Amino acid sequence: MRIGQNPIKSVETIAPPSLVTVVVISYIPFLAGYYAEGLDILRLCLDSLQTNTKEDYDLLVFDNGSCEEVRNYLLKEQRQEHIQYLFLSERNIGKPQAWNIALAAARGEYVAYADSDVCFYPEWLTTSLKTLRNFPKVGMVTAMPILTPEKYSEETVKWVKKQKRLKSDHGKLFPWDDFWRHARSLGDSEEKARKFYEENSATKIHSKQGHYYVGAAHFQFTAPKAALLEVLPIPAERPMGRVRLLDEAMDKAGYLRLCTGKWYVQHLGNQVPMVYDLVAPLKFTAQKRKKNRRYSGIWRWPPLRRLLEFLYGWSFDRLHRSE
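Sequential numbering from 361 applies to the sequence shown in our numbering.
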């Protein structure tokens, strides 16, 4: 039995989506050890996005099974209308599967993706959209210079070689300082980074709008929604395994993969930087940085799990914080 009519029936229109949907995937299972500053990094990510994005956008956050403190923060951000779409997964379903859900659910014509440890600088979205519109059939644009193996961008390299009016160079053109600035945020040793740097060359494109490098990164990119739908779903076998499948799928589909020659975003890793180049003014400041040592009540799991997390956090601190 029904009493009356559903009032939503009287609504004639719904608000259209923004042109761009920004998608962020987070996973912070507890606030200790490797993840000790994870919540602070997430705050910096979303605060820098809000501060340094002048275009209209909708924000979709897919939380992949984080702890209660992180979920509470995200719910608060949604109540304050900073997050338009919030997905809270009960457990970690892996990054590829989270991609499949979140990227397909994005309503915008363009999707700007970022891991939750990415910091946004001014003009990041403006420059990304211009790049998508200035080149034909671009599938991914990363808003920072990045050196990647050419095997993930073979179609882009072929396209560049065919362009007689487009000036380009190939060789050891990528600045070491740019490469090392990013590589150390991945936890790589300088020896490992040097080896990769020496083994890989770059293709540099020169245009009236600036210079670009062939290649893109799956931790941050802007893409046409139509291009993503063409390559989704990504096979999901392991939580972090084979994330390169997205890069491979874009290349196989014939889409260009490019990155900007200047820094408009930055991968932070798992530690809050003490100096924020180009990021200020942000609500989140260095004074808010703190080392979290809350071990009890994490995940609301049994005491044995709390003890294991404590031991993990303690051993992580002993091994890494003293370096």
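Idealized CB from N, CA, C, for every residue including glycine. Just so you know, these numbers come straight off a predicted model, no measurement behind them.
- Per DSSP, the continuous beta strand (DSSP E) segment holding A472 begins and ends at Y470 to D475.
- Pairing A576 with W623, the inter-Cα distance amounts to about 13 Å.
- Between the alpha carbons of Y394 and H530 lies a distance of about 38 Å.
- For K527, DSSP records a beta bridge to H566.
- With contact defined as three or more Cβ pairs closer than 8 Å, the stretch 583-595 and the stretch 550-568 are not in contact.
- For I385, DSSP records a beta bridge to F422 and D475.
- Distance check between V501 and each of P509, K490 and S528 places K490 closest, using alpha-carbon atoms only.
- Counting only runs of 4+ residues, the alpha helix (DSSP H) found wholly inside the stretch 410-470 occupies 428-439 and 455-465, in chain order.
- Taking C-beta atoms as the reference points, Y470 and D607 fail to come closer than 8 Å.
- The Cβ neighbour count for R403, taken over all protein chains shown within 10 Å, is at least 16; the residue is labelled buried.
- Per DSSP, M610 is one residue of the alpha helix (DSSP H) stretching across R604 to K612.
- Y615 sits in coil when the DSSP states are folded into three classes, being neither helix nor strand.
- Nearest to R431 by C-alpha distance, out of Q440, P389 and N630, is P389.
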